[in-house]
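Colleague: Following this message is one structure expressed as structure tokens.
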Amino acid sequence: MGFLKLANAITQLAAIKVRMEKDIDEVGKIARNVKVKLEQMDRNNLENRKQPGCGKGTSVDRSRMSMTMYDHHALNSLQNLRQTIQEEYREVVERRIFTVTGTKPSEEVIDRLIETGSSEQIFERAIQGMGRGQILATVEEIQERHDVVMEIEKRLLELQQIFVDMDALVNAQGEILDNIENQVQNAVNHVVTGTEALRTAKRLQKKSRKCMMIAIIILLIIAAIIVLSILKPWAKKIMPFEGRPLLADQQPHRLVQNGQQQQ
């Protein structure tokens, strides 16, 4: 019975190991893809600051930076989770070697066994030389390891799903940022067009004001000419003594007549 449980446990562990390796490879691919896209977004953010109205500290720049900072934070959290999973797996290997050999392995030995995959072979060879009591204890150890491995696989699947969601989020944010950039560019174009229109209107206003002043001056000149032509102030200066009797020195023609009569 103990051998049957042991065989079933080893078979289950082998199948789980294959699935875990597949999940780890998939997670690694998605993580690298997300990292590349985040680095591209960082470069795009720096390049976008050169656009008018998108400099450092503007609302557009803050929006872009907040999105990428959130993605970086999520990626760091996932990397921490992956590190935790690796540490837990190292503990599993360490306990496996201690169960078989009775001695605690060094860090170098654990790293070498994980890299080469030799821990499974060492464990199986050690089982073959055990008695019944040791086999039952080993079955319990394998069952415990099985539960740990199942938990690791569960976390790997969660990690993979989070990376998939992040990849979709990065793509969606890239489209959103492109749309924001287009809207900002359109707004900048409208502002430039409006500024040029205001300058044109100001020039036209100056010209119209100048024309109005010239027209007012011309009208004032015409009005002055009309008033002068009606009042004729120069006519009053020509006849200053109209209606008054002339004095003796102002009557030359009478003096001439008197002189002629005396002759």
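Using the UniProt record's numbering, you'd call the opening residue of the sequence shown number 1 and step up by one each time.
Note that CB positions come from ideal geometry on N, CA and C, so glycine has one too.
So, I110 versus E94, is the Cβ gap smaller than 7 angstroms?
Modeller: yes
Colleague: Looking at the structure shown, is F241 part of a helix, part of a strand, or coil, going by DSSP?
Modeller: The pLDDT assigned to F241 is 48, lower than 50, so where the model puts this residue is not dependable; a value taken from the coordinates is nonetheless given after this. F241: coil per DSSP, three-state reduction.
Colleague: For K37, count neighbouring Cβ atoms within 10 angstroms of its own Cβ and tell me buried if that reaches 16, exposed if not.
Modeller: buried
Colleague: Would you say R64 and G55 are within 7 angstroms of each other, going by their C-beta atoms?
Modeller: no
Colleague: Taking the beta carbon of M41 as the centre, do at least 16 other beta carbons fall within 10 Å, making it buried, or is it exposed?
Modeller: buried
Colleague: Roughly how many whole angstroms lie between the Cα atoms of K202 and V34?
Modeller: Take the alpha-carbon of K202 and the one of V34: they are about 53 angstroms apart.
Colleague: Mind pulling the alpha helix (DSSP H) runs of 4 or more residues that sit fully within the stretch 65-121?
Modeller: As far as the stretch 65-121 is concerned, its whole alpha helix (DSSP H) runs of at least 4 residues are 107-116.
Colleague: Does the Cβ of M67 have 16 or more other Cβ atoms within 10 Å, making it buried, or fewer, making it exposed?
Modeller: Under this definition M67 is a buried residue.
Colleague: Reducing DSSP to helix, strand and coil, say where R49 ends up.
Modeller: Note: R49 maps to coil in three-state DSSP.
Colleague: Helix or strand or just coil, what does DSSP make of C211?
Modeller: In the three-state DSSP reduction, C211 falls in the helix class (H, G or I).
Colleague: From R199 to K210, what does the alpha carbon distance come to, in whole angstroms?
Modeller: 17 angstroms
Colleague: Measure the C-alpha to C-alpha separation of K104 and I97 and round it to an integer number of angstroms.
Modeller: Approximately 7 angstroms between the Cα atoms of the pair.
Colleague: Here's the rule: buried if 16 or more other CB atoms are within 10 angstroms of the residue's CB, otherwise exposed. What is V27?
Modeller: buried
Colleague: Give the straight-line distance between the Cα atoms of N80 and Y70, rounded to the nearest whole angstrom.
Modeller: So the alpha carbons of these two residues sit roughly 15 angstroms apart.
Colleague: Buried or exposed: where does A31 fall if 16 or more other Cβ atoms within 10 Å of its Cβ makes it buried?
Modeller: buried
Colleague: Between the Cα of Q161 and the Cα atoms of A74, D61, Q51, E39, which residue gives the shortest distance?
Modeller: Nearest of A74, D61, Q51, E39 to Q161, Cα basis: A74.
Colleague: Classify K232 as helix, strand or coil using the three-state DSSP reduction.
Modeller: coil
Colleague: Taking V191 as the reference, which of E158, L220, P52, E39 has the closest Cα?
Modeller: Answer by Cα proximity: P52.
Colleague: Closer than 8 angstroms by C-beta to D61: which residues in its own chain qualify, once you throw out the five before and the five after it? Chain order, please.
Modeller: N45, N48, R49, C54, G55
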